[in-house]
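Respectively, the protein sequence lines represent chains G and L.
Sequential numbering from 1 applies to the first sequence in my numbering.
Sequential numbering from 1001 applies to the second sequence in my numbering.
Note that beta-carbon positions come from the ideal geometry of N, C-alpha and C, so glycine has one too.
Just below is one structure, and these are the notes that go with it.
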Amino acid sequence: MEIRSSNEAEFKRVYEEVFPVIMRVAYHVTYNKDVAEDICQDAFIRFYDKDMVFDTVDDAKYWLIRVTKNLAINQVKRKSRERNSIEKLKKLPHAKSYDKDGASELLKEESTQAVRKAVEQLPEIYKTIIVLKEYAGLNYKQISQVLRISESNVKVRVHRARKELESMLSGEEIHVP
Amino acid sequence: MCLDDQILNTYLDGELSEPWKTQVEEHLSYCVACKERLNRLKNLKKMVCSAQLTDDEIAPRQEKVLSFMEKNYFNKKKPSLIHKKIKVSFGGMLGVAAAFTLIFATVIWGGQGDSQEFIPNTGINTDINENNVSMVSVREPQIQTLDDYTLEEILTNLDDRGYTVDLHIKGVQPVEFDSTEDLSEDEADLSEPSSGN
């Protein structure tokens, strides 16, 4: 079924399915929820304004993921040029207060922060791969379509990204749920 | 021979196709080291996935953005043609400017006859022929009359050409004397300043 991006009903159908995915992509690149939300809004405005026709919902999804990923990376690059802002950006994920008691919850939260920090510090190509693989839930073929690279290249990047992550997290207390 | 991390990662992601998948599973059934390594990679993957933004964190933002879209895009009345923002690219603007220039040039130079309808008659004869056109470089100097020259210059010029000039002043009667000698003297006096100049 064709999807016209400016058609309200078809837009909402795509929105319902894709918003959580691109919100995760935007968040795990920027690690700022407000910025991620703005990026998602910007991506959907572009989607609507461009009045495009997609063969499937998946095609629309890949387009939105690609746009979101690029907007998020540009945002990080822009922020990295502003020293004060990057400090704020790094602090935001840690700002969450612990609303539940218990050692396990605390351990999980610390582990989450450690992972997010490690992902944030990955080189851009590895960060993108990890975000698309683990947070957007795409398979190798879908990632290759979004990034317009070969599946073999995706395979290699996934392996190298995990190796890098493992090395970064080697000193951390790992909490596996 | 043991499995490398790339194969294990591909297997872990469920992306390993047959017959390699069966071969890897067979190897893992007896190789403790590779099984251990696979478990470590599995834990790493789980840990990374557990750090993802939760549905609870996404839901309010999803609603917020949707209501923004509904308010500003879906329920917004389409602007009339007059109020519509017209986006024109730089190239488009250049094209329009070029078209205007071309039309203007055509009106001015392209149709002389038609231009009469648009441009008021200035009263200047626009017929161009050899009588009213002359090359600037070969234009003749302005015609000078006799009044432009001094009397001395006229006399000098005539003298140079070999003429003899008899000059009289009205109302003055010349003194009677031998005509041949004095005439030559008068000529000499009149011609002297001009030669001196």
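- In the three-state scheme derived from DSSP, where H, G and I count as helix and E and B as strand, Arg4/G is classed as strand.
- For Asp49/G and Val14/G, the gap between their C-alpha atoms comes out near 15 Å.
- Collapsing the DSSP output to three states places Val29/G in a helix.
- Under the three-state reduction of DSSP, Val1165/L is assigned to coil, being neither helix nor strand.
- Rounded to the nearest whole angstrom, the CA to CA distance from Leu1008/L to Lys1046/L is 15 Å.
- Bridge partners of Val53/G according to DSSP: Arg4/G.
- Taken through DSSP and simplified to helix, strand or coil, Ser1017/L comes out as coil.
- With fewer than 16 other Cβ atoms from the protein chains shown falling within 10 Å of its own Cβ, Ser1017/L counts as exposed.
- Under the 8 Å criterion on CB atoms, Thr112/G is classed as interfacial with respect to chain L.
- Annotation: Glu166/G to Lys33/G spans about 25 Å, alpha carbon to alpha carbon.
- Taking a Cβ-Cβ threshold of 7 Å, none of the residues of chain G is close to Glu1036/L; the smallest such distance is about 14 Å.
- Residue range Asp1055 to Met1069 is occupied by the alpha helix (DSSP H) that includes Pro1060/L.
- Judged by DSSP in its simplified three-state form, Leu169/G adopts coil rather than helix or strand.
- Short of 7 Å from the beta carbon of Phe11/G, and not among the five residues preceding or following it, lie these beta carbons of its own chain, in chain order: Ser5 and Tyr48.
- Its Cα nearest to that of Arg157/G, the residue Tyr140/G stands out among Tyr140/G, Ser170/G, Gln145/G and Asp58/G.
- The continuous alpha helix (DSSP H) containing Leu1155/L extends over residues Leu1151 to Asp1160.
- Taking the C-beta atoms as reference points, Lys69/G is found no nearer than 8 Å to Val115/G.
- For Met52/G, there are no neighbours in chain L by C-beta distance under 9 Å, as the nearest C-beta there is about 15 Å away.
- In the three-state DSSP reduction, Leu106/G falls in the helix class (H, G or I).
- Closer than 8 Å at the C-beta level to chain G, one finds these residues of the region 1050–1070 of chain L: Ser1050, Ala1051, Gln1052, Leu1053, Asp1055, Glu1057, Ile1058, Arg1061, Gln1062, Lys1064, Val1065, Leu1066, Phe1068 and Met1069.
- Contact check for Ala136/G against Met168/G fails: the beta carbons are separated by 8 Å or more.
- Within its own chain, the residues whose Cβ lies closer than 8 Å to the Cβ of Met23/G, once the five positions on either side in sequence are excluded, are Ala36, Glu37 and Cys40, listed in chain order.
- Among the residues of chain L, those whose CB is under 9 Å from the CB of Pro20/G are Leu1053, Asp1055, Ile1058, Ala1059 and Gln1062, following chain order.
- At a cut-off of 8 Å between beta carbons, Glu1015/L contacts chain G.
- Interface residue (Cβ-Cβ distance to chain G less than 8 Å): Asn1039/L is not classified as such.
- Annotation for Val146/G: the continuous alpha helix (DSSP H) segment containing it runs Tyr140 to Leu147.
- At the C-beta level, Leu71/G and Ala103/G stay beyond 8 Å of one another.
- Below the 9 Å Cβ cutoff, chain G contributes no neighbours of Val1024/L, its closest Cβ being approximately 14 Å away.
- At least one CB atom of chain L sits nearer than 8 Å to the CB of Met23/G.
- Beta-carbon to beta-carbon, Arg160/G and Leu1044/L are separated by about 13 Å, too far to satisfy the 8 Å threshold.
- For Glu10/G, no Cβ of chain L is located within less than 8 Å of the residue's own Cβ.
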